[in-house]
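The sequence shown begins at -8 in this note's numbering and counts up by one.
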Amino acid sequence: MEQLFEIKKTDIMFGGMVVSANPFQLEDKNGKTYFRKTGGVGGINLENPQLDKLRGADEMVTDRTKAVLILSYPLKKTIGYRIENDNGFNRKNIVLELSKVYSEIYSEKEKYEICCDELSDLELKTIMVFEVNGEIYLESIVESKK
């Protein structure tokens, strides 16, 4: 089974149920949510994740052992990526998986029609967890820090 595949957003949204929304934020040196000097909450960088500063790194996002990561920004198509972990997925696991798959995708930028944002600009803000027909989908909400 191919790990990376195109997915239609409607496959997830219709008939699926939102299980949870999980914000991904950094901590400042006092253990509080990190806010940028320019405003806004900082997400976790996908090229160089600072896992030691990830708030709630060990918190479980899903206890399911198999899931499909959904990636759409800044891609022209929505991509699904199958992941497995015997212990389910905490925030740290998901960041590591996303960092790996985004690196893979960015190594083939033309294939995925990525034009503008560099990998170093991308930050994970939220993971939306959907359940569709018994399968877990982890939709990544990624934005550019520019």
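All C-beta atoms in this analysis are idealised placements derived from N, C-alpha and C, irrespective of residue type, glycine included.
Residues that residue 53 bridges to, as DSSP identifies them = Locating residue 53 in the sequence shown gives position 62, where the first residue counts as 1. In the DSSP output, where bridge partners are listed per residue, residue 53 has 80.
Is residue 128 helix, strand or coil when you go by DSSP?
-> Here residue 128 refers to the residue found at position 137 when the sequence shown is read from its first residue. Residue 128: strand per DSSP, three-state reduction.
Closer than 6 Å by C-beta to residue 105: which residues in its own chain qualify, once you throw out the five before and the five after it? Chain order, please.
-> Residue numbering aside, residue 105 sits at position 114 when the sequence shown is read from its first letter. Correct list, in chain order: 65.
Host beta strand (DSSP E) of residue 117 (start-end) = For the purposes of this step, residue 117 is taken as the residue at position 126 of the sequence shown. Here the beta strand (DSSP E) through residue 117 covers 113 to 123.
Contacts around residue 195, its chain only, beta-carbon distance under 8 Å, and the 5 residues preceding and following it disregarded | A question about residue 195 goes unanswered here, because the residues of the chain that appear run from -8 up to 137.
Answer with buried or exposed for residue 15, where buried requires no fewer than 16 other C-beta atoms within 10 angstroms of its C-beta.
-> Translated into positions along the sequence shown, residue 15 becomes position 24. Flag for residue 15 reads buried.
Is residue 64 helix, strand or coil by DSSP?
-> The residue given as residue 64 occupies position 73 in the sequence shown. Note: residue 64 maps to coil in three-state DSSP.
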